[in-house]
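Number of protein chains: 2
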Amino acid sequence: MSYTYDYPRPSVAVDCVVFGLDLDEDDLEILLIQRLKDPFAHGWALPGGFMQMDETADTAARRELEEETGVTDVYLEQLYTFSDVARDPRGRVVSIAYYALAKLSDHRIRAATDAENVAWYSIRKLPRLAFDHKAIIDTAIERLRGKVRYAPLGFELLPPKFTLSQLQRLYEIVLEQQLDKRNFRKKILSMEFLVDTGEHEQGVAHRAARLYRFDRRKYLKLAKQGFNFGI
Amino acid sequence: MSYTYDYPRPSVAVDCVVFGLDLDEDDLEILLIQRLKDPFAHGWALPGGFMQMDETADTAARRELEEETGVTDVYLEQLYTFSDVARDPRGRVVSIAYYALAKLSDHRIRAATDAENVAWYSIRKLPRLAFDHKAIIDTAIERLRGKVRYAPLGFELLPPKFTLSQLQRLYEIVLEQQLDKRNFRKKILSMEFLVDTGEHEQGVAHRAARLYRFDRRKYLKLAKQGFNFGI
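Chains as they are written, first to last, in numbering that gives the first Met the number 0: chain A, 0 to 230; chain B, 0 to 230.
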């Protein structure tokens with residue numbers, strides 16, 4: 000038996016908001032591409048493109064991200080689907096938006112396919128953006144700010160080994176608020192999934208601080224037992 | 000200038016997981032429809048249908064919900080977009096899923112258009128479901144359980160005036176765990192957006208309890224000042 004459905008159909012695209020943390024500049028950044036083609040040729044936009052008929056939206060998001068920016072192996076999560084009727088001058092295009100968290104040092108970015116350029120931009124100094132990509136970014140920032148408080152997402156933005164100062168700076172940058180150092184350390188060290196590596200940071204002028212790592216397996220075990228992460 | 004895009008396109012549908020709380024039965028329920036047409040004719044499914052070209056996904060979700068079940072004026076929020084390649088036997092259909100919270104007493108449900116029947120089902124006794132609707136429901140339950148802890152969503156499931164016992168039962172039913180009565184009352188009464196109406200419940204055999212209401216304006220003001228809701 001076959002089911003026909005002959006009404007007009009929208010196109011379906013994916014777009015990715017990739018966050019990176021620049022600890023030297025105390026800055027949260029987003030990866031943008033400069034569009035090669037119309038509409039918005041030479042304008043800045045989120046990496047993304049049309050979903051193919053034989054792939055899921057998740058697969059499309061990872062494929063477009065790799066094709067246009069070279070970025071692979073990031074934490075990626077669906078954000079929200081944007082469906083305003085006039086959001087794309089090409090006609091009806093629904094965009095399934097994702098956000099990703101990248102370790103800045105891991106990724107050598109390079110523009111390709113539909114992108115003539117790719118660059119990290121501070122969320123405080125974004126260029127004018129194509130389509131409704133500013134609204135997508137605003138939604139992603141809001142989600143990130145909400146979620147870092149109750150899920151151990153932040154570690155995805157840090158190098159595998161980090162100091163407690165770096166961890167605190169991460170939260171201060173993302174949440175845009177100062178945290179009390181003593182309270183922060185007390186709270187974070189009470190979380191047993193933060194493991195002292197026994198190592199210290201290298202090549203610093205000040206007294207070398209201890210390096211910690213996030214033990215995901217331990218976290219998942221605690222979460223199963225009812226532990227609620229909270230910053 | 001026109002931009003042509005001639006690749007094949009998926010169909011885009013919306014589906015709604017409507018939650019209702021049955022305080023008499025201590026039960027969390029979901030509104031299901033029985034399908035009139037193939038595929039899955041006479042099978043139970045979520046209310047939903049295809050998005051039209053001149054409406055957003057939000058509009059489509061509210062329209063389908065009203066058309067198929069008669070339910071209007073509910074708290075509605077986008078949940079997740081489901082895009083498995085083989086999720087619909089009619090071909091490629093992407094579904095933008097929503098979840099809604101209904102005050103059970105407000106809604107007289109009635110089946111219409113593509114639904115031959117509509118009914119509330121306990122989440123503990125769901126029938127066999129069409130498409131990937133079981134997976135959509137599982138995602139919605141997980142979202143609801145997570146979000147009632149850090150956002151004042153639960154009030155959407157209660158009558159406008161409620162006792163503290165009802166409020167506690169709400170959390171116990173949704174979270175599937177017992178809460179300590181003294182701690183719960185202390186925590187909830189410290190939240191200044193819970194307002195004593197001065198009224199008491201009517202027609203009960205036991206001592207009539209005070210009725211409270213949720214003051215959304217006060218909550219939003221406190222949230223702006225940095226207050227974090229937490230159960």
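Just so you know, even glycine gets a beta-carbon here, dropped at the ideal spot from N, CA and C.
Residue range of the beta strand (DSSP E) that residue i falls in?
| i | result |
| --- | --- |
| D21/B | 10–21 |
| N116/B | 114–121 |
| Y97/B | 92–101 |
| T80/B | 74–81 |
| L210/B | 209–213 |
Which residues does DSSP list as the beta-bridge partners of residue i?
| i | result |
| --- | --- |
| R34/B | A114/B |
| D87/A | Answer is none; D87/A lacks a bridge partner. |
| R49/B | Strictly speaking, residue 49/B in this sequence is Phe, with Arg absent from that position. Partner(s): A12/B. |
| D26/A | D21/A |
| A129/B | Looking at the DSSP assignment, A129/B forms no beta bridge with any residue, so it has no partner. |
| A44/B | I32/B |
For the alpha helix (DSSP H) that residue i lies in, which residues bound it at each end?
| i | result |
| --- | --- |
| D195/A | Looking at the DSSP string, D195/A is not in any alpha helix (DSSP H); the run it does join, the beta strand (DSSP E), is 193–199. |
| Y170/B | 163–174 |
| L188/A | 180–188 |
| A59/B | 56–68 |
So, residue i versus residue j, is the Cβ gap smaller than 9 Å?
| i | j | result |
| --- | --- | --- |
| I95/B | S94/A | no |
| R215/B | P151/B | yes |
| Y120/A | I29/A | yes |
| A114/B | R34/B | yes |
| F39/B | S10/B | no |
| F18/A | Y149/A | no |
| M52/A | R91/B | yes |
| I135/A | I122/A | no |
| L78/B | A139/B | yes |
| G42/A | L125/A | no |
| L45/B | I172/B | no |
| V194/A | R168/A | no |
| V73/A | A101/A | yes |
| D31/B | A118/B | According to the sequence displayed, residue 31/B carries Leu and not Asp. Against a cut-off of 9 Å, the Cβ pair of A118/B and L31/B comes out as a contact. |
| R184/A | L163/A | yes |
| R13/B | E65/B | Contrary to the premise, residue 13/B reads as Val rather than Arg in this sequence. In this structure, E65/B does not lie closer than 9 Å to V13/B by Cβ. |
| K160/A | T196/A | yes |
| T58/A | T80/B | no |
| E175/B | R144/B | yes |
| T234/A | R109/A | Examination of residue 234/A is not possible in this model, given that chain A is present from 0 through 230 alone. |
| L103/A | D21/A | yes |
| R89/B | R8/A | no |
| Y218/A | M190/A | yes |
| V84/A | T55/B | yes |
| G229/A | G229/B | yes |
| R206/B | E198/B | no |
Any beta carbon from chain E within less than 9 Å of residue i's own beta carbon?
| i | result |
| --- | --- |
| Q51/B | Judged by its chain identifiers, the structure shown contains no chain E, and its protein chains are A and B. |
| task | Taking only beta carbons into account, state which residues of the segment 204–229 of chain B come closer than 7 Å to chain A, listed in chain order. | result | Going along the segment 204–229 of chain B in chain order, one finds no residue with a Cβ nearer than 7 Å to chain A.
| request: Identify each residue in the segment 72–87 of chain A for which the Cβ-Cβ distance to at least one residue of chain B is less than 7 Å, and report them in chain order. | output: Per Cβ criterion, the list reads Q77, Y79, T80, S82, D83, V84.
| request: Name, going along the chain, the residues of the segment 89–106 of chain A whose beta-carbon falls closer than 9 Å to a beta-carbon of chain B. | output: When CB distances to chain B are screened at a threshold of 9 Å, the residues of the segment 89–106 of chain A falling below it are R89, G90, R91, V92, V93, I95, in chain order.
| Listed in chain order, which residues of the segment 169–201 of chain B have Cβ atoms closer than 7 Å to some Cβ of chain A? | Identification of residues in the segment 169–201 of chain B having a C-beta nearer than 7 Å to some C-beta of chain A yields an empty set.
| task | Residues of the segment 140–152 of chain A with a CB closer than 7 Å to any CB of chain B: list them in chain order, please. | result | Cβ contacts with chain B come from Y149.
| Residues within the segment 5–23 of chain B neighbouring chain A, beta-carbon criterion of under 9 Å | Hits within the stretch, in order: Y6, P7, R8, P9, S10, V11.
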